[in-house]
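Q:
Protein chains: 2
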Amino acid sequence: MQIAEFVEQSLGRWRSQRSGHNLAFQHFEEVRSTIDISARSNDDAEVLKLCQLHDVEPDSIASPFHMEWEGESDWDEDESPRGNCLLVPIPNSHDPSRGLLLRSQGYAETIPSVGRYVFTEEGMFVLATEYDRAAAEERIWFATENLRFRVSTIKTSNGTGILTASFASEVRSLSG
Amino acid sequence: MQIAEFVEQSLGRWRSQRSGHNLAFQHFEEVRSTIDISARSNDDAEVLKLCQLHDVEPDSIASPFHMEWEGESDWDEDESPRGNCLLVPIPNSHDPSRGLLLRSQGYAETIPSVGRYVFTEEGMFVLATEYDRAAAEERIWFATENLRFRVSTIKTSNGTGILTASFASEVRSLSG
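Line order of the protein sequences matches chains D and C.
179 is the number that the numbering used here gives the last residue of the first sequence; the numbers go up by one with no jumps.
179 is the number that the numbering used here gives the last residue of the second sequence; the numbers go up by one with no jumps.
1. Roughly how many angstroms lie between the CA atoms of residue 179 of chain D and residue 38 of chain D, to the nearest whole one?
2. List the residues of chain D that residue 20 of chain C touches, going by C-beta distances under 8 Å, in chain order.
3. Quick check for students: name the residue ranges of the beta strand (DSSP E) that lie wholly in the segment 16-101 of chain D, counting only runs of 3 or more.
4. In whole angstroms, what is the alpha-carbon distance linking residue 67 of chain D and residue 47 of chain D?
5. Is there a Cβ from chain D that is less than 8 Å from the Cβ of residue 159 of chain C?
6. Within 10 angstroms of the Cβ of residue 8 of chain D, are there 16 or more other Cβ atoms? Answer buried if so, exposed if not.
7. Just curious, the beta strand (DSSP E) that residue 3 of chain C is in, first and last residue?
8. Do the CB positions of residue 171 of chain C and residue 152 of chain D come within less than 8 Å of each other?
9. Between the Cα of residue 145 of chain D and those of D:174, D:52, D:131 and D:44, spot the shortest distance and give me the residue it belongs to.
10. List the residues of chain D that residue 165 of chain C touches, going by C-beta distances under 8 Å, in chain order.
11. Check the DSSP bridge columns for residue 104 of chain D and list the partner residues they point to.
12. Please look up how many angstroms separate the CB atoms of residue 137 of chain C and residue 118 of chain C, rounded, as I've assumed it's under 8 Å.
13. Check this for me: beta carbons of residue 107 of chain D and residue 53 of chain D, under 8 Å apart or not?
14. Looking only at its chain, what residues have a beta carbon closer than 8 Å to the beta carbon of residue 72 of chain C, apart from the 5 residues adjacent to it on each side?
15. Who are residue 182 of chain C's beta bridge partners in DSSP?
Okay, here's the thing in structure tokens:
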């Protein structure tokens, strides 16, 4: 599996059902959301800006894409989690099954981040991102063409271990 | 990774936090439970009985183990899910990273089952079990020595797709 195929499979609208586990307190969180993933061209202005920020040659990138999500919160309309970010993969020139991923906003922290991804032999996408005070791992795999799963874990880098884990089931929204 | 090492790592008491997703209805389920995993000897009477049931030579098995779980239900003491099952791995004699797993009670159905397991290059345990009317996949991996994750999916075999997915975070209970 390579990043172009993975991004291609991911494009579209997804209905996401996500469960968060706070491991220390055994607390659960439940979020339903809609995720829109769309392709961006290599010479898109925002893509070029993100490349510049990270000193990356624009011709080394592949399949940039944009994610936008809007959550449903049962208890407070104003609290509904929403956001978006731009993602720019840079495949390794020697081994196309791995590379870097630039992100305009990180998962664990809302600042630009750079992660390292690798596809396992099964085609599971595994992304590791180091932040100042935390490290995040994200695993994404397709069960069918229209169903993908995502497991994210965040651990503090001071050695106290993993803080939260979350699991999302994402079903393609065929109605658009 | 081979089954003996995986079972060895799994022994002990685990505090489990499990989220179930009903994908069609976007319904969530939350269960906290305690899981005890203990080793059984190859010549244990119940192990031999399970081998006999499946016409398996007792000298082809490795690392049989027993699982017992007791859930906590917030709303009804009588409803707390509990159960136990005996598991008997039969490693493939040519490729020890894969094999069969006999189970005294299946995950999707409470009848004896036989699944096929394989360890990925990362050491993730992937078990596929076919039932009469359903197919189950279970993925288990260790994030640290004392934390393991488990993703289970059940799909009906009549082609209507995956019905439920669940995610468990299992933290080793060091207090015993």
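Even glycine gets a Cβ: it sits at the ideal position worked out from N, Cα and C.
Just so we're clear, the structure is a prediction, and the values are computed from it rather than from any experiment.
A: Quick answer:
1. Position 176 of the first sequence, counting from 1, holds the residue named residue 179 of chain D. Position 35 of the first sequence, counting from 1, holds the residue named residue 38 of chain D. The pLDDT assigned to residue 179 of chain D is 49, lower than 50, so where the model puts this residue is not dependable, and the model offers no usable value.
2. Taking the first residue of the second sequence as position 1, residue 20 of chain C is located at position 17. Those within 8 Å of residue 20 of chain C in chain D are 24, 26, 29 and 31.
3. 30-42, 68-75 and 85-94
4. The count along the first sequence starts at 1 and reaches residue 67 of chain D at position 64. The count along the first sequence starts at 1 and reaches residue 47 of chain D at position 44. When rounded, the distance between both Cα atoms is 9 Å.
5. Taking the first residue of the second sequence as 1, we reach residue 159 of chain C at position 156. No, residue 159 of chain C does not count as interfacial toward chain D.
6. In the first sequence, the residue the question calls residue 8 of chain D occupies position 5. Answer is exposed; the Cβ neighbour count stays below 16.
7. The displayed coordinates of chain C run from 4 to 179. Any statement about residue 3 of chain C would go beyond what the structure contains.
8. Mapped onto the second sequence, residue 171 of chain C falls at position 168. Mapped onto the first sequence, residue 152 of chain D falls at position 149. Against a cut-off of 8 Å, the Cβ pair of residue 152 of chain D and residue 171 of chain C comes out as no contact.
9. As a working note, residue 145 of chain D is residue 142 in the first sequence. Comparing Cα positions, the closest option is D:174.
10. In the second sequence, residue 165 of chain C corresponds to position 162, counting from 1. 146, 147 and 150, listed in chain order.
11. Counting from one through the first sequence, the residue named residue 104 of chain D turns up at place 101. D:92 and D:118.
12. Start at 1 with the first residue of the second sequence, and residue 137 of chain C comes out as number 134. Start at 1 with the first residue of the second sequence, and residue 118 of chain C comes out as number 115. Actually they do not touch by this definition, with Cβ atoms about 12 Å apart.
13. The residue you call residue 107 of chain D lines up with position 104 of the first sequence. The residue you call residue 53 of chain D lines up with position 50 of the first sequence. Yes, Cβ-Cβ distance for residue 107 of chain D and residue 53 of chain D is below 8 Å.
14. Position 69 of the second sequence holds residue 72 of chain C. Once the five neighbours on either side are set aside, the close Cβ partners of residue 72 of chain C are 19, 36, 37, 38, 39, 84, 85, 86 and 87.
15. Beyond the ends of chain C as shown, which are 4 and 179, falls residue 182 of chain C; an answer cannot be given.
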